[in-house]
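There are 2 protein chains.
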Amino acid sequence: MPELRKDLISQRWVITGTQTEEEFLASINPKPREEAEECFFCEGHESQTLPEIYSIRRYDTRSNTSGWQVRVVPSKSAVFKIEGEVGKVGRGIYDLMNNIGAHELIIESPQHVKNICELPIDQILTVLKVYQTRIRDLNNDERLKYVLIFKNQRPKSPFRYGHTHSQLAALPLTPKAVKDELLSSKEYYSYKERCLFCDIIRQEQRDKIRIVEENPDYIAFVPFATKFAFELAIMPKNHNADYCWESESSLKNLAQILKVSLARISTALKDPPLNYILHTIPYLRPRQGYWKTIREDYHWHIEVYPQISEVTGFEWGSGCHIQPLLPEICAKILRETK
Amino acid sequence: MPELRKDLISQRWVITGTQTEEEFLASINPKPREEAEECFFCEGHESQTLPEIYSIRRYDTRSNTSGWQVRVVPSKSAVFKIEGEVGKVGRGIYDLMNNIGAHELIIESPQHVKNICELPIDQILTVLKVYQTRIRDLNNDERLKYVLIFKNQRPKSPFRYGHTHSQLAALPLTPKAVKDELLSSKEYYSYKERCLFCDIIRQEQRDKIRIVEENPDYIAFVPFATKFAFELAIMPKNHNADYCWESESSLKNLAQILKVSLARISTALKDPPLNYILHTIPYLRPRQGYWKTIREDYHWHIEVYPQISEVTGFEWGSGCHIQPLLPEICAKILRETK
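This is the structure in structure tokens:
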């Protein structure tokens, strides 16, 4: 039975017990797949996924058939379940709760495209609007506190893992990585009475050397202190804490900057695996009133992490990362990539 | 010029600029090594490393020749340098300092042994004493605040990367992962007036189901909420915040439990890559007086992380880990491993 458990020492929650011993051992030693195995994220294979939660499709087509543009389905290996109570309890000195939440896959194209940056801007725009729709819809569930959108892009993977898609995890808690950001931006705001992220954007525009792309609404830059080589931050230039508040015209510019920035990474680093994550504010409900200034002090953004080097004991033990190449050089290489 | 830079959003420091563009590109696309290439960590190759900082060797042998048991040398790809001032400065809104510190390699055997658990207990004991000696020695340098001992064990790597060794990073700051632990154990102590780690040990001894090994001085268990499958915590059963305060007889029991626990992981998971890290208290100097109770509320320990699954966007974006196999099952599998 899966559980959400809290590590008292690091204050992080983990999700555990999602597989049996047999399933786990099979997953770390996967059988080589048949060459002929088909991708069930492709159009025409709708019956091989779980029934769709939502889709953008031609008006004259039925759910779970062809004719869609973007399709949202539950993950078959869902680590969260939507039924039940959060049920926070103690077990001895430890804290745990049920794995209430949702784990959805957002299939970004009916064709077997491997990188989101290969899609036309209008198709990426549709994906970005689907993110908003799903976050808004899950807000109706009062047990949920946060929705994390993330992408594990594995262009060299066979089968559906190589088919462009994003994932959504809806959680009954605000995860530690987001809490840390909320706290430091709150601290900065109470000291400076300005948004930390807005100040970073202004600094980047003054320095210029770490910017990779810019358009009327967005800026993409290599942060001053990155965890990974060629990491990117993509931020709206106008202050906004909530991704769901972005207008369609703004999202079109986000689609544009995402496409060109990720294309630069794919070209420069020869199609590396990469992750990106979208950090927006937690769901705001009355009992979360202690985040009073959150709309003023937080700023939604996307972080892109190319995975080209190993994370070692030093990083796990210190929380500090070693990133051998200066961010300014990473930015220059990406800017100069055709 | 390498720099320590702070990310204002996550409050983490990163080390960057340790390689040039050419060096970096060569490191991510390494040339296949010659089969015949020799390991310069092996006895007889002393002149191929940088001159040794410290060694345990036969009384009638000279530095940088054969006859040693454990050898400490500076890393050739050192990310820290020992000369200069910490030099904290601002650059616009950003914070940075010089990469002052030390990066040392502790070669654990003159023979080409791949896993520390294959060494005799007395040899492991010598390694553990060398950890103490190096931490104590570096304490004389007032610029340094923390020493992190870590191991990246890669038994399947060719060349010296496969030769059993630990690493030491001496830092001009207390890293965030340690600060987070100090803060949560301090909070627990001020609420309970007991050490969090001591309470966890007592809970584990009551529950029994997550313990893998125990001897008179140490306990090795799979924590209640782990980041990685088959992760282990090894803790002294008697309260002690400072690794350097452990006696030789206690370290002998540490060598024993480390050997048998890591051997169980190697056997059960077929020689996986693994990391371990040693977390002890930061150097205590007068100006760090705000950690007044640190000797009461912190507890040194070792964390062992087998690397058998991928870290994805979900983990990087949330700080929460998904660990599919219940810790109780991991512990059972390790206990039943012969």
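Chains as they are written, first to last, in the working numbering: chain A, 1 to 338; chain B, 1001 to 1338.
Note that the Cβ used here is the ideal one computed from N, Cα and C, for glycine as well.
Bridge partners - residue i, DSSP secondary structure assignment
{"i": "Met1097(B)", "result": "Leu1004(B)"}
{"i": "Lys1427(B)", "result": "The question about residue 1427(B) has no answer, for chain B in this structure spans 1001 to 1338."}
{"i": "Asn152(A)", "result": "Asn275(A)"}
{"i": "Tyr1218(B)", "result": "Pro1236(B)"}
{"i": "Val86(A)", "result": "For Val86(A), which the question treats as bridged, DSSP gives no partner whatsoever."}
{"i": "Glu213(A)", "result": "Ala220(A)"}
{"i": "Trp13(A)", "result": "Lys6(A)"}
{"i": "Glu1303(B)", "result": "Ala1233(B) and Ile1277(B)"}
{"i": "Arg91(A)", "result": "Tyr94(A)"}
{"i": "Val1127(B)", "result": "Answer by DSSP bridge pairing: none, since Val1127(B) is not bridged."}
{"i": "Val147(A)", "result": "Ala170(A)"}
{"i": "Tyr1054(B)", "result": "Val1072(B)"}
Simplified DSSP assignment, three categories, for residue i
{"i": "Tyr1059(B)", "result": "coil"}
{"i": "Gln1323(B)", "result": "strand"}
{"i": "Ser309(A)", "result": "coil"}
{"i": "Ile201(A)", "result": "helix"}
{"i": "Glu38(A)", "result": "coil"}
{"i": "Gln1069(B)", "result": "strand"}
{"i": "Gln167(A)", "result": "strand"}
{"i": "Ile1107(B)", "result": "strand"}
{"i": "Val1113(B)", "result": "coil"}
{"i": "Arg1335(B)", "result": "helix"}
{"i": "Leu1119(B)", "result": "coil"}
{"i": "Ser1157(B)", "result": "coil"}
{"i": "Arg194(A)", "result": "coil"}
Whole-angstrom distance between residue j and residue i, CA atom to CA atom
{"i": "Asp1095(B)", "j": "Tyr191(A)", "result": "16 angstroms"}
{"i": "Ser1066(B)", "j": "Lys227(A)", "result": "40 angstroms"}
{"i": "Pro1120(B)", "j": "Val1260(B)", "result": "11 angstroms"}
{"i": "Ala1102(B)", "j": "His321(A)", "result": "16 angstroms"}
{"i": "Ile53(A)", "j": "Arg134(A)", "result": "9 angstroms"}
{"i": "Ala225(A)", "j": "Ile200(A)", "result": "12 angstroms"}
{"i": "Ile1056(B)", "j": "Glu22(A)", "result": "46 angstroms"}
{"i": "Ala36(A)", "j": "Leu138(A)", "result": "For Ala36(A), the predicted model reports a pLDDT of 48, less than 50, meaning its position is unreliable; a value from the coordinates is still stated below. Ala36(A) and Leu138(A): Cα-Cα distance of roughly 37 angstroms."}
{"i": "Ile219(A)", "j": "Ile265(A)", "result": "16 angstroms"}
{"i": "Arg206(A)", "j": "Ile1093(B)", "result": "11 angstroms"}
{"i": "Leu1258(B)", "j": "Ile1234(B)", "result": "8 angstroms"}
{"i": "Phe150(A)", "j": "Ser318(A)", "result": "25 angstroms"}
{"i": "Lys1006(B)", "j": "Leu128(A)", "result": "31 angstroms"}
{"i": "Lys88(A)", "j": "Thr1312(B)", "result": "27 angstroms"}
{"i": "Arg1194(B)", "j": "Asp217(A)", "result": "52 angstroms"}
{"i": "Val147(A)", "j": "Pro1273(B)", "result": "33 angstroms"}
{"i": "Ile1302(B)", "j": "Val14(A)", "result": "20 angstroms"}
{"i": "Leu1251(B)", "j": "Thr1018(B)", "result": "35 angstroms"}
{"i": "Thr1061(B)", "j": "Ala1169(B)", "result": "28 angstroms"}
{"i": "Thr337(A)", "j": "Val304(A)", "result": "17 angstroms"}
{"i": "Val73(A)", "j": "Pro1110(B)", "result": "56 angstroms"}
{"i": "Leu4(A)", "j": "Ile1082(B)", "result": "44 angstroms"}
{"i": "Thr126(A)", "j": "Tyr161(A)", "result": "21 angstroms"}
{"i": "Ser1010(B)", "j": "Ser47(A)", "result": "42 angstroms"}
{"i": "Arg245(A)", "j": "Pro236(A)", "result": "According to the sequence displayed, residue 245(A) carries Trp and not Arg. Straight-line Cα distance between these residues: approximately 11 angstroms."}
{"i": "Met1097(B)", "j": "Glu1085(B)", "result": "9 angstroms"}
Spatially closest choice to residue i from the options, by CA coordinates
{"i": "Thr20(A)", "options": "Ala1233(B), Leu1326(B), Val1079(B) and Ala1331(B)", "result": "Leu1326(B)"}
{"i": "Arg136(A)", "options": "His165(A), Ser109(A), Ile281(A) and Glu296(A)", "result": "Ile281(A)"}
{"i": "Phe80(A)", "options": "Tyr59(A), Lys88(A) and Pro2(A)", "result": "Pro2(A)"}
{"i": "Leu1278(B)", "options": "Asp1242(B), Ile1294(B), Lys1270(B) and Arg1143(B)", "result": "Asp1242(B)"}
{"i": "Val1070(B)", "options": "Glu1043(B), Gly1084(B), Lys1076(B) and Ile1107(B)", "result": "Ile1107(B)"}
{"i": "Phe400(A)", "options": "Asn64(A), Arg58(A) and Asn140(A)", "result": "An answer regarding residue 400(A) cannot be provided, because it is not within the stretch 1 to 338 covered by chain A."}
{"i": "Ala1229(B)", "options": "Leu1008(B), Glu1328(B), Leu1105(B) and Ile1124(B)", "result": "Glu1328(B)"}
{"i": "Asp1271(B)", "options": "Glu1187(B), Ser1166(B) and Ser1157(B)", "result": "Ser1157(B)"}
{"i": "Pro1324(B)", "options": "Ile1308(B), Arg1335(B) and Val1072(B)", "result": "Ile1308(B)"}
{"i": "Ser185(A)", "options": "Phe197(A), Cys244(A) and Lys176(A)", "result": "Phe197(A)"}
{"i": "Trp1068(B)", "options": "Glu1085(B), Ala1078(B) and Cys1042(B)", "result": "Cys1042(B)"}
{"i": "Tyr1283(B)", "options": "Ile1100(B), Lys1145(B) and His1112(B)", "result": "Lys1145(B)"}
{"i": "Phe314(A)", "options": "Ala1078(B), Asn1098(B) and Phe1221(B)", "result": "Ala1078(B)"}
{"i": "Leu1025(B)", "options": "Ala268(A), Trp300(A) and Arg335(A)", "result": "Ala268(A)"}
Original post:
At what residue ranges does the region 220-300 of chain A contain a whole run of the beta strand (DSSP E), taking only runs of 3 or more?
Top reply: 232-236 and 274-279
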